[in-house]
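Novice: Next up is a structure, given as structure tokens.
Chains as they are written, first to last, in the working numbering: chain B, 1 to 155; chain E, 1 to 155.
So this is what it looks like as structure tokens:
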């Protein structure tokens, strides 16, 4: 079902994101994969990632949607060029806008599934729709407008 | 200019939010105050709260907007009833939806200012518009639809 995550191929200097950078030892290190025509990531919140006791913090849910959105944008861009992550040039996106609708409280103590659908890929912009599920039930949905990072951003 | 923060008056069992709970020792513990007709909070990100080196993580910015939005909703509800935080019954809001537009990269290493305007207060719903500024420049803006938590939510 899964190959390597797109975040495993982010250039080293762009791999320190608190949400999804594999080199940020304090962060969430989420990893986004293809699953057919959708993208998927999984994350189990820590006991202190709560809004109120027993329920996951909405800011964390927004973070998961955000990073899975930019990761999905990169995945989609490689596929659009019939290339695999790891081939050059690397794709790395930043978030232009983020929308999250909290549908019901998200229970703590289970692994969350974050799924993405690519709804638009045009030039340097990719729009994804994301769901967050717990125990098979969607608890939040989001939309991420991601924009490809300029090549010289860090230079 | 400031009195106590609204989060200082959240009921104890509702004070463990990762973003703004005064009793969550792992969390951000942001505090929302009135400043005239606007609300304000301040937060200095940790060195590891980055999206890419030198710039603040968007998920953290979403979290600050989220919690300052619910805090502002509570402040507005007290003021709407001509009561001070600390009087009963206590107001505590949850987020129904969150919109964030990232206008420009937010630099790391400075205190961020999060400001809120109340744009609608109707029944149990409060809508706020929030800005996040660094060095006096707005780097992100957001909108939070907050809904008053049911009194029996934890029972």
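Note that CB positions come from ideal geometry on N, CA and C, so glycine has one too.
As the structure is a computational prediction, the values presented were derived from the model and not from experiment.
What is the DSSP secondary structure of residue 1 of chain B, reduced to helix, strand or coil?
Specialist: At residue 1 of chain B the pLDDT is 43, less than 50, meaning the model places this residue with poor confidence; the figure from the coordinates comes in the next sentence. Of the three classes helix, strand and coil, the one that applies to residue 1 of chain B here is coil, per DSSP.
Novice: Taking Cβ-Cβ distances shorter than 7 Å, what residues in chain E pair up with residue 95 of chain B?
Specialist: Those within 7 Å of residue 95 of chain B in chain E are 58, 102.
Novice: Around the Cβ of residue 85 of chain B, are there at least 16 other Cβ atoms within 10 angstroms (buried) or fewer (exposed)?
Specialist: Looking at its Cβ environment, which holds 16 or more other Cβ atoms inside 10 Å, residue 85 of chain B is buried.
Novice: Span of the beta strand (DSSP E) holding residue 42 of chain E?
Specialist: Counting along the chain, the beta strand (DSSP E) containing residue 42 of chain E begins and ends at 38-43.
Novice: Below 7 Å between beta carbons is the criterion; list the residues of the region 39-57 of chain B that meet it against any residue of chain E, in chain order.
Specialist: Within the region 39-57 of chain B, the qualifying residues are 48, 49, 50, 51, 52, 53, 57.
Novice: Leaving out five residues before and five after residue 14 of chain B in sequence, what residues of the same chain have Cβ atoms less than 7 Å from its Cβ?
Specialist: 92.
Novice: Give the interface partners of residue 134 of chain E over in chain B, defined as CB-CB distance under 9 Å, in chain order.
Specialist: None at all; the shortest Cβ gap to chain B is about 16 Å.
Novice: Could you tell me which chain E residues have their CB closer than 7 Å to the CB of residue 19 of chain B, listed as they occur along the chain?
Specialist: Simply 57, 59.
Novice: Specify the secondary structure class of residue 30 of chain E as computed by DSSP and reduced to three states.
Specialist: Note: residue 30 of chain E maps to coil in three-state DSSP.
Novice: If you compare alpha carbons, which of E:98, E:99, E:79 is closest to residue 90 of chain E?
Specialist: Minimum Cα distance to residue 90 of chain E is reached at E:79.
Novice: Quick check: is the beta carbon of residue 148 of chain E nearer than 9 Å to any beta carbon in chain B?
Specialist: Output row for residue 148 of chain E: interface = no.
Novice: At what residues does the beta strand (DSSP E) containing residue 162 of chain B begin and finish?
Specialist: Given a span of 1 to 155 for chain B in the structure shown, any question on residue 162 of chain B remains unanswerable.
Novice: According to the Cβ coordinates, are residue 94 of chain E and residue 58 of chain B closer than 9 Å?
Specialist: Their beta carbons are under 9 Å apart, which means residue 94 of chain E touches residue 58 of chain B by this criterion.
Novice: Kindly say whether residue 33 of chain E, judged by its beta-carbon, lies nearer than 9 Å to any beta-carbon of chain B.
Specialist: It does not: the Cβ of residue 33 of chain E has no partner Cβ on chain B nearer than 9 Å.
Novice: Let me check you understand the geometry: is the CB of residue 16 of chain E closer than 8 Å to at least one non-hydrogen atom of the ligand PLP?
Specialist: As presented, the structure is devoid of all ligands, the ligand PLP included, so that no description of it is given.
Novice: Which stretch, first to last residue, makes up the beta strand (DSSP E) that contains residue 48 of chain B?
Specialist: Element bounds for residue 48 of chain B: n/a, residue is neither H nor E.
Novice: Where does residue 91 of chain B sit, in a helix, a strand or coil, going by DSSP?
Specialist: It is coil, neither helix nor strand.
Novice: Using CA coordinates, which residue listed in E:46, E:72, E:67 is at the minimum distance from residue 39 of chain E?
Specialist: Per the Cα distances, E:72.
Novice: Between residue 89 of chain B and chain E, is there a C-beta pair that is closer than 9 Å?
Specialist: So, not an interface residue.
Novice: So, does the CB of residue 13 of chain B fall closer than 9 Å to a CB anywhere in chain E?
Specialist: With 9 Å as the cut-off, residue 13 of chain B counts as an interface residue toward chain E.
Novice: Can you check whether the C-beta of residue 1 of chain B is within less than 9 Å of a C-beta belonging to chain E?
Specialist: The pLDDT assigned to residue 1 of chain B is 43, lower than 50, so where the model puts this residue is not dependable, and the model offers no usable value.
Novice: I want to know whether the region 106-124 of chain E touches the region 43-55 of chain E - three or more CB-CB distances under 8 Å.
Specialist: As far as the Cβ criterion goes, the region 106-124 of chain E touches the region 43-55 of chain E, which means the pair count is three or higher.
Novice: How would you write the range of the beta strand (DSSP E) that residue 133 of chain B sits in, first residue to last?
Specialist: Taken as a continuous stretch (DSSP letters only), the beta strand (DSSP E) holding residue 133 of chain B covers 125-134.
Novice: Taking all protein chains shown into account, decide if residue 68 of chain E is buried (16 or more other Cβ within 10 angstroms of its Cβ) or exposed.
Specialist: With 16 or more Cβ atoms within 10 Å of its Cβ, residue 68 of chain E is classed as buried.
Novice: What residue range does the alpha helix (DSSP H) around residue 121 of chain B cover?
Specialist: Careful: residue 121 of chain B lies outside any alpha helix (DSSP H), inside the beta strand (DSSP E) at 112-122.
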